[in-house]
Each structure stands twice: as C-alpha cells, then as structure tokens.
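Engineer: Attaching a single structure in structure tokens format; questions to follow.
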C-alpha cells in the first residue's frame, strides 16, 4: 500500500470532524512522500487545508462555523505536540459565567500553552497561541483550570475578594476542591484571597510547628501592650538556629553583608519600635529582616537579583512549605529532553545529568519575580546551587561566590571528581524542612512586611511613595573597585536567566569610574534624604580607603546639610568575605559614619568631623 492509500485508510478510522496535523501521518512515508500525498488529497477534495500543516476531512468541514474550525485546528495542534492548549483568560472567565473586571475584548482566536509562540490563519482569522508559564494553564480544559487561567488574567490590582468568591461559587464542589489542592499554581496574592474554609485557612496561615507556637506568637505580639512587657531589642537573646530568627536571618550566602548583631544594635539604638528603617544597598536583606523581627517597618533595595531574592524570601517566604515541595515536584515532572544537555564542560562536571535537567527546567519555568512560591523555591535552589561536596547540588565548589569555570574544571579533572548523583526534590525537601522547622517570622500588629525592591536605588526608591519617611537610614554602599557582583554571582545569575552559562567578565557590577561612583552615592543619598524624617539618623559603614571614604563623606554632607557628622574607625576585627575571596590588597578596615540632628549626643566613641575637615585613614592608592 502506497503512502496516499495508507493516509486515506487512516482518515476513515478517525472522526470526520477531527482536524489533524502533518505530524500525525508522518509514519506513513518519508517527509516528501507524506507532503506530496496530502497535496493530492487536498487537490482531490478528500481533505481541506485549515492552516499550514493542519487539515480536516472534507465531510467534517461541512456545516462547521468559523469558530468550530478554529477550535478544531487548535485541538489538532495540541494533540500533535502533546501539549494542552487553554483558552485565554477572558474567555475562561466567560465560560464560567464571570465578567472580567478588565475586559480587553480578547478574541476567541487567542490561546495559551507552554510550547512557544505559534501564529497561523484559519478561515481568514489570525490565530495566536501564546507561550505562558505552566502555572497559568494548570488543570487545562477543566473548570478549575479555567478558574486558574482567569485569576492570572485578572491580575493583582483588579482582583477583589468578591470577584474571587464569584469565581469559586461558579465551580462544582469537586472542582472547587481541586483548585484548593492546586493552590501552588496560583500567584501568591491570589492564594491569600482564596476562600479556603476553616481547615484550609488554618493550613495557610499556621505554619509554625505546634511546640513553637509561643515563640512565633511572641513575634506577633512584638509591640508592647498595657500590662504586658515585651522587649524585641533584648540584645542578650541570641538568634541561634534554635529560634525562628536564627533559621531565617542567614538565608542566602553572600560575600558582603552586615553582621546581624551589628544591625540589631544600631536599629535598637536609633529607631523606635514601630518606626521605619531604610537600607538603599540592602544586599541579602539583613537590615529589613532585623526591622521585621524587632517590630519596625523595613525597606531596602538592591540591583543584584540574587541578593534581592535572598532579601525578599527571608522577609516574606511562602508560608506553606508543602507548597514549595509540590512546586519542586512539578518542576521535576516538567523536564524535557533538551534540559539534560550541558552547554559546556563546566556544566558537565558541576552537576549530574538529572540535576542539570532539574536546574534547566527551574530556570525555564520558575516565575521568581512575581510568584511567592516560585521565589521561595528559587531562593532555596540558589543557596545550594554550588557548595562543598555533599551539601548541595554540585561537585566541590565554594558556596559564597562563583569560582572561575576554567579553574574549577582543571581542579575536578586533576582529582578525577565527578558530580554527585543528587535527587533534587529530596534535597529541597530536606533543606526546606530545616528552614521551616521553627516556622516563619510573623509581623508585629499593624505592621506590614518589609518593602524589598529590585533595581537601581537611584530610581526604585521613588516607588516607596510620598508618605514614606525613615527614622533610620542604615547601609553600607558598595566599595569603589572592590567587588563585581555579576562575576561573583555568575552561576546563580545563570540559573535566574540573568546571565550566560559561562561568565563574560565586565565591569558592570564593579565600580571603577570615579565620577560614576560619586554619582551613584550622591544620587542615592539624595533620594534617601527625601525619604527620611527630619529627625532621622543616618548610619553608614564604608571602606577606609581614601577615595571611597571621602566620596561617602562628601555625598552624605550634600544630602543632609542640617546634620552633624561623626566617625569611628572599626578596623578589621575578623576576616570578611571580601577579604577571603578575590580581594588580596592591603586593607585599612572600615569606617562607621553617623549623621545626627544638631544637638543630639553622639554614641560613645564617635568623633565629630566638622564641615571643613577631611578624614584620611589610609593613603594607599585605590585602583
């Protein structure tokens, strides 16, 4: 039997109204033979071409509306690729009988799937199949799936509890329960609006273990009330791993960061409980975290997305650890063959094939910018992406910063070291269980979680609003010419989709131009001055080398002309991350600078630096 005869025989076995794709009949001959056979069948009137590569039997075409033909073509594409296709969000809501609060008149010819963008024409209509996150098309073609797609389409700023209740009320009981058990597919803001019922609501908010209830509730009641004295600034109480603060404050290895105890001491002294603390260069978020833990409102920003994820997760982790594990399982189930292919020799030796496949799937699917669940999972992946052998996903590597790929490959090959076989989901389960064992840090009454912003502080601080006024600015700006966050984090930036699979060394993350460095500090401090209260305290820890130090002093004075400036030379009390890795020059230590309202007494050990005075601690020429 020749190719055209085999295709004719196959057509008689399928439903007359079913459309099909060229790929469906590819097994009946060579590509050229199949294409030629289909052309003949179209010419003879046996089949009709709906779109390029999509066909339907002639008798199945008769009597069908244009929309029926569109739906048939999209269904054929879905079956051929083995990827479900969902209607767009507005259509999904209409199918449930819910009016969209933001009607955009999206046509019935727009669809969603996870296999790339596809455009074609059917019956004169332009069809668009958009590529979206798998979470937006979860439970595809089921009522609960329509609800999920519709919720994503409405968006955070237009969704209300009334709309959410209306969507839930339109679902049968079984579909409503299915949606509740698939809460990890929803954006974090939607999960909070979902009417869970008494049992579900308890599950969504009560994350601490039962025997830790007292510790967590102490944090919930952190502001003193009449007859009950609670002192969140008790510096004698250490934040050990046995406490909820100790579990979360160290979230994220980072090469340059405030010591937690230092931040606790400064915040306790210079910001009242209930006040506001701002760190415009917040790194992994120590300052906003301490503010949260001690009953203050915290805010911070950082231009490094790795640091931002650490800061955002530690101050606002997804509250249900089981959801994070389920999301990891979804990522594992979404691995496709190309995910297993290493881009280079470094990837071949850094991670096993299974781990690399998981990482590539996570890189492709996790919406870490907008999803609380995805961000929490991504933060966990970033921490353990590279570490000492046996403690993370990788072959032997340093955890705090990314090493040179050439050096790493040579080191592994010299020692015949291969990447460990790690079950990614089980490792995540273990790490998440430890992190959540003491629960999540709660907010004080009438307080919100910190505002942690991603971007250049000169621009994003403006989004805090006109009414934002900080009582304390506590920060440590980047030191001139010392670190390059892009090179030092190149592996983690790759996982985020923010960098290539091998580093491209540049100076984008390192401050080497003196004018640019001056402008960065000057413009940032000017923005901070507009976000600080008249009685605010400004506390800055900076490098003691002359250019960095003098630039910091000059820009502070320019931003807060009405305050007095004091200093204290800290020196090196222990090896810091920047001292240990990559920065081998002489180091004079660090200087603490504080600006106080005139008339306020400075802390002990602080020396006044008058307006006409400069400070020279170290004369070594900076690069």
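In the UniProt record's numbering, the protein residues as written are 1 to 623. Where a beta carbon is used, it is the ideal one built from N, C-alpha and C, also for glycine. Predicted model only: the values in this text are computed from it and were never measured.
#1: In three-state DSSP terms, what is residue 24?
#2: Tell me, please, whether the segment 373 to 386 touches the segment 301 to 314 by the rule of three or more beta-carbon pairs shorter than 8 Å.
#3: Which complete alpha helix (DSSP H) runs does the segment 72 to 143 hold, if anything under 4 residues is left out?
#4: Can you give me the C-alpha to C-alpha distance between residue 423 and residue 235, rounded to a whole angstrom?
#5: Jot down the residue ranges of each uninterrupted alpha helix (DSSP H) in the segment 269 to 335, minimum 4 residues, whole runs only, in chain order.
#6: Count the C-beta pairs between the segment 426 to 443 and the segment 321 to 333 that are closer than 8 Å, then say yes if the count reaches three, no if not.
#7: List in chain order: all unbroken beta strand (DSSP E) runs of 3+ residues lying wholly within the segment 534 to 569.
#8: With residue 55 as the anchor, note down where its beta strand (DSSP E) starts and where it stops.
#9: Between the segment 275 to 285 and the segment 337 to 345, do at least 3 Cβ pairs fall closer than 8 Å?
#10: Which residues mark the beginning and the end of the alpha helix (DSSP H) in which residue 6 is found?
#11: Please go through the same chain and pick out, in chain order, the residues whose beta-carbon is closer than 6 Å to the beta-carbon of residue 7, but skip the five residues on each side of it.
#12: What residue does the alpha helix (DSSP H) around residue 162 start on, and which one ends it?
#13: Do the segment 288 to 303 and the segment 540 to 555 make contact, defined as three or more Cβ pairs closer than 8 Å?
#14: What number of angstroms, rounded off, separates the C-alpha of residue 605 from the C-alpha of residue 263?
#15: Measure the alpha-carbon distance for residue 549 versus residue 463 and round it to whole angstroms.
#16: If I follow the unbroken alpha helix (DSSP H) through residue 405, where does it start and stop?
#17: Looking at the structure shown, is residue 243 part of a helix, part of a strand, or coil, going by DSSP?
#18: Kindly indicate the opening and closing residues of the beta strand (DSSP E) around residue 475.
#19: In angstroms with no decimal places, state the Cα-to-Cα distance between residue 456 and residue 523.
#20: Starting from the C-beta of residue 58, find all residues in its chain whose C-beta is less than 8 Å away, skip the five residues before and the five after it, and write them out in chain order.
#21: If we count the other Cβ atoms within 10 Å of its Cβ and call it buried at 16 or more, is residue 162 buried or exposed?
#22: When the Cα atoms are used, what is the spatial distance from residue 567 to residue 472?
#23: Does residue 423 come out as helix, strand or coil in the three-state DSSP assignment?
#24: Which residues in the same chain as residue 78 place their Cβ atom closer than 8 Å to its Cβ, once the five residues preceding and following it in sequence are excluded?
#25: Around the C-beta of residue 624, are 16 or more other C-beta atoms found within 10 angstroms, so that it is buried, or is it exposed?
#26: With which residues is residue 51 paired in a DSSP beta bridge?
#27: From residue 91 to residue 354, what does the alpha carbon distance come to, in whole angstroms?
#28: Counting pairs of Cβ atoms below 8 Å between the segment 243 to 256 and the segment 408 to 425, do you hit three or more?
#29: Under 8 Å between the Cβ atoms of residue 188 and residue 167?
#30: If you follow the alpha helix (DSSP H) that residue 35 is in, where does it begin and where does it stop?
#31: To the nearest angstrom, report how far apart residue 18 and residue 175 are at their CA atoms.
#32: Excluding the 5 residues flanking residue 266 on each side, which residues of the same chain have their C-beta closer than 7 Å to its C-beta?
#33: How many Å lie between residue 369 and residue 5 at the Cα?
#34: For residue 359 versus residue 495, is the C-beta spacing smaller than 8 Å?
#35: Please report the distance separating the alpha-carbon of residue 436 from that of residue 527.
#36: From residue 357 to residue 335, what does the alpha carbon distance come to, in whole angstroms?
Structural biologist: In terms of the structure at hand:
#1: Looking up residue 24 in the chain shown gives position 24. In the structure shown, residue 24 adopts helical secondary structure according to DSSP, grouped into three states.
#2: Contact annotation: the segment 373 to 386 touches the segment 301 to 314, with at least three C-beta pairs closer than 8 Å.
#3: Segments of the alpha helix (DSSP H) lying fully in the segment 72 to 143: 89 to 95.
#4: On the chain shown, residue 423 is found 423 positions in, with the first residue counted as 1. On the chain shown, residue 235 is found 235 positions in, with the first residue counted as 1. Rounded to whole angstroms, the gap between the alpha carbons of residue 423 and residue 235 is 40 Å.
#5: DSSP runs (the alpha helix (DSSP H)) wholly in the segment 269 to 335: 286 to 293, 305 to 315, 321 to 333.
#6: Because the criterion of three Cβ pairs below 8 Å is met, the segment 426 to 443 and the segment 321 to 333 touch.
#7: Complete beta strand (DSSP E) runs here, min 3: 563 to 569.
#8: Here residue 55 refers to the residue found at position 55 when the chain shown is read from its first residue. Looking at the DSSP string, the run of the beta strand (DSSP E) that includes residue 55 is 54 to 57.
#9: The segment 275 to 285 is not in contact with the segment 337 to 345.
#10: Here residue 6 refers to the residue found at position 6 when the chain shown is read from its first residue. Segment 3 to 13, the alpha helix (DSSP H) holding residue 6.
#11: To locate residue 7, count along the chain shown from 1; it is residue 7. Cβ within range, chain order: 25, 28, 37.
#12: Here the question's residue 162 lines up with position 162 in the chain shown. Element bounds for residue 162: 161 to 169.
#13: Too few Cβ pairs lie closer than 8 Å, so no.
#14: In the chain shown, residue 605 corresponds to position 605, counting from 1. In the chain shown, residue 263 corresponds to position 263, counting from 1. Near 18 Å, if we compare the C-alpha coordinates of residue 263 and residue 605.
#15: What you label residue 549 is simply residue 549 of the chain shown in a count that begins at 1. What you label residue 463 is simply residue 463 of the chain shown in a count that begins at 1. About 29 Å.
#16: As a first step, residue 405 is located in the chain shown; it is residue number 405 there, counting from the start. Where residue 405 is concerned, the enclosing alpha helix (DSSP H) stretches over 405 to 414.
#17: Counting from 1 along the chain shown, the entry for residue 243 is found at position 243. In the structure shown, residue 243 sits in coil (DSSP, three-state: anything other than H, G, I, E or B).
#18: In the chain shown, counting from the first residue as 1, residue 475 sits at position 475. 470 to 475 is the span of the beta strand (DSSP E), which, as asked, contains residue 475.
#19: Translated into the one-based positions of the chain shown, residue 456 becomes position 456. Translated into the one-based positions of the chain shown, residue 523 becomes position 523. C-alpha separation (whole angstroms): 11 Å.
#20: By one-based count along the chain shown, residue 58 stands at place 58. Cβ within range, chain order: 45, 46, 47, 48.
#21: As a position in the chain shown, residue 162 is number 162, starting the count at 1. Answer is exposed; the Cβ neighbour count stays below 16.
#22: Locating residue 567 in the chain shown gives position 567, where the first residue counts as 1. Locating residue 472 in the chain shown gives position 472, where the first residue counts as 1. Their Cα atoms are separated by approximately 17 Å.
#23: Position 423 of the chain shown, counted from the first residue, corresponds to residue 423. Reduced to three states, the DSSP call for residue 423 is coil.
#24: Position 78 of the chain shown, counted from the start, is the residue given in the question as residue 78. Contacts found: 84, 85, 113.
#25: The question about residue 624 has no answer here: the residues shown for the chain are numbered 1 through 623.
#26: Taking the first residue of the chain shown as position 1, residue 51 is located at position 51. Answer is 54, bridged to residue 51.
#27: Residue numbering aside, residue 91 sits at position 91 when the chain shown is read from its first letter. Residue numbering aside, residue 354 sits at position 354 when the chain shown is read from its first letter. Straight through space, the alpha carbons of residue 354 and residue 91 are spaced by roughly 38 Å.
#28: Verdict: no, contact absent.
#29: Taking the chain shown and counting its residues from 1, one reaches residue 188 at position 188. Taking the chain shown and counting its residues from 1, one reaches residue 167 at position 167. No Cβ-Cβ contact shorter than 8 Å links residue 188 with residue 167.
#30: As a working mapping, residue 35 is identified with position 35 in the chain shown. Taken as a continuous stretch (DSSP letters only), the alpha helix (DSSP H) holding residue 35 covers 31 to 44.
#31: As a position in the chain shown, residue 18 is number 18, starting the count at 1. As a position in the chain shown, residue 175 is number 175, starting the count at 1. CA-CA distance, residue 18 to residue 175, rounds to 28 Å.
#32: Looking up residue 266 in the chain shown gives position 266. Setting aside the 5 residues that flank it on each side, residue 266 is surrounded in the same chain by 474, 539, each with a C-beta closer than 7 Å to its C-beta; the list follows chain order.
#33: For the purposes of this step, residue 369 is taken as residue 369 along the chain shown, with counting starting at 1. For the purposes of this step, residue 5 is taken as residue 5 along the chain shown, with counting starting at 1. When rounded, the distance between both Cα atoms is 54 Å.
#34: Mapped onto the chain shown, residue 359 falls at position 359. Mapped onto the chain shown, residue 495 falls at position 495. The answer is yes: Cβ separation under 8 Å.
#35: Stepping through the chain shown from its first residue, residue 436 is reached at position 436. Stepping through the chain shown from its first residue, residue 527 is reached at position 527. Whole-angstrom Cα-Cα distance: 36 Å.
#36: Taking the chain shown and counting its residues from 1, the one referred to as residue 357 is at position 357. Taking the chain shown and counting its residues from 1, the one referred to as residue 335 is at position 335. Whole-angstrom Cα-Cα distance: 6 Å.
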